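Asks:
In my numbering, the protein residues as written are 15 to 167.
#1: Quick one: Cα of residue 166 to Cα of residue 65, how far?
#2: Within its chain, find whatever has a CB closer than 7 Å to the CB of residue 169; leave out the 5 residues flanking it on each side and keep chain order.
#3: Among the candidates 69, 83, 22 and 28, whose CA atom is the shortest distance from the CA of residue 96?
#4: Between which two residues does the alpha helix (DSSP H) holding residue 79 run?
#5: Locate the alpha helix (DSSP H) running through residue 127, then write down its first and last residues.
#6: Residues in the same chain with beta-carbon distance under 7 Å from residue 114, minus the five sequence neighbours each way, listed in chain order, please.
#7: Whole angstroms is fine: what's the gap from residue 151's alpha carbon to residue 81's?
#8: Round the Cβ separation of residue 144 and residue 119 to the nearest angstrom and send it over; I've been treating them as touching at under 8 Å.
#9: Just to confirm my understanding: we take residue 123, look at its own chain, exclude 5 residues before and 5 after, and list those with CB closer than 8 Å. What are they?
#10: Would the beta-carbon of residue 142 fall within 7 Å of that of residue 77?
#11: Less than 6 Å between C-beta atoms, sequence neighbours within five positions excluded: which residues of the same chain meet that for residue 117?
#12: What separation, rounded to the nearest whole angstrom, lies between the Cα atoms of residue 30 and residue 109?
#13: Cα separation between residue 57 and residue 46?
#14: Do you know whose CA, among 79, 28 and 19, lies nearest residue 137's CA?
#15: What does the alpha-carbon distance come out to for the pair residue 112 and residue 104?
#16: Quick check: the Cα distance between residue 160 and residue 126, rounded to an integer number of angstroms?
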């Protein structure tokens, strides 16, 4: 009888384990509004992004002077920092804004690469064109930034 109870207990444990493992977990719902902390964190990062964006006109000046070393240094310095800040900040956006912000950040990076490649080739026209595209990508990114006065993205 003791052996029968042990086998029965073992079978019940296996059945219970199987049933628990087959149950669907509850998924956490993604918030559809920004919390006050998220808004504060986002708004605190914006001045740095705007300050770096305001330095972007240094690129065409260096391009016009054909100072390709300055162009390269600027792309790998302040503009790389700007890209990192944009990338970090977009992770704090709501899902509906995050995708667009990340696309704009990626497009900005691609434009920086194209500027760098044009600088290596000494191509003023191509570098200037990609500078304009980089500038518009930053502006596109800023369109996804939630306003401090609103609680939605």
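In this text, a Cβ means the ideal position worked out from N, Cα and C, and glycines have one as well. No experiment lies behind these values; they were computed from the predicted model shown.
Replies: If we stick to the structure as given:
#1: For residue 166, the pLDDT reaches just 44, beneath the cut-off of 50, and the residue's location in the model is therefore unreliable, leaving the point undetermined.
#2: There is simply no residue 169 to check, as the chain begins at 15 and stops at 167 in what is shown.
#3: 69
#4: Here residue 79 belongs to no alpha helix (DSSP H), and DSSP marks it neither H nor E.
#5: 109-135
#6: 158
#7: 24 Å
#8: The pair is not a contact, with the Cβ atoms about 16 Å apart (cut-off 8 Å).
#9: 97
#10: yes
#11: none
#12: 37 Å
#13: 18 Å
#14: Checked all of 79, 28 and 19; the closest Cα to residue 137 is 79.
#15: 6 Å
#16: 25 Å
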